[in-house]
Amino acid sequence: MARIKGGVNAKKKHNRVLKLAKGYRGARSKQYRIAKQAVMRALTSSYAGRKEKKRQFRQLWIARINAAARMNGLSYSRFMYGLKLAGVDINRKMLAEMAVNDAEGFKTLAELAKSKIA
1 MARIKGGVNA KKKHNRVLKL AKGYRGARSK QYRIAKQAVM RALTSSYAGR
51 KEKKRQFRQL WIARINAAAR MNGLSYSRFM YGLKLAGVDI NRKMLAEMAV
101 NDAEGFKTLA ELAKSKIA
């Protein structure tokens with residue numbers, strides 16, 4: 001049986017990594033060993049970044065809800081507690097959207113929350 005050398009597969013693997021490293025500065029986009037390290041780090045960071053983005057959006061929504069709730073005489077925690085007692089099940093993303101674009105609708109929710117707390 002003839003011997004098959006691994007050059008084609010190695011080249012394919014190297015090119016795959018170098019393609020991911022395209023646009024990186026200097027040796028990070030030219031040399032396989034260094035590019036491999038840079039790509040591994042970048043992929044790890046992008047995974048972490050996708051998780052971080054979710055946290056940051058939730059933080060933004062809560063800040064917007066809090067600001068709108070305080071304009072209606074409630075703190076964020078009391079507003080959310082009042083909604084829970086009232087059985088209103090709206091997620092924070094939609095509440096934040098209402099706070100920005102539908103002040104009247106948010107005001108009715110705030111009044112509902114106030115009435116359930118008192």
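Heads up: the sequence shown runs through residues 1 to 118, numbered per the numbering used here. Virtual Cβ for every residue (Gly too), placed ideally from N, Cα, C.
Inter-residue distance for LEU60 and ALA10 is about 46 Å (C-alpha atoms, whole angstroms).
Closest option to LEU43, judged by alpha-carbon separation, among VAL17, PHE57, ARG70, ALA67: VAL17. For VAL17, the enclosing alpha helix (DSSP H) starts and ends at 7 to 20.
GLY23: not part of any alpha helix (DSSP H); DSSP gives it neither H nor E. Within the same chain, no Cβ atom closer than 7 Å to the Cβ of GLY26 is found once the five residues on either side in sequence are excluded. Around TYR81, the same chain offers ALA113, ILE117 as residues with beta carbons nearer than 8 Å, after the five sequence neighbours per side are excluded.
With fewer than 16 other Cβ atoms inside 10 Å of its own Cβ, LEU85 counts as exposed.
For GLY7 and HIS14, the gap between their C-alpha atoms comes out near 10 Å. By alpha-carbon distance to ARG70, the top candidate from LYS107, LYS12, SER45 is LYS107. The straight-line gap separating the alpha-carbon atoms of ASN101 and VAL39 is approximately 41 Å. PHE79 sits away from ASN91, with the two beta carbons spaced by 9 Å or more. Ranked by Cα distance from SER115, the options LEU74, ALA96, GLY105 are led by LEU74.
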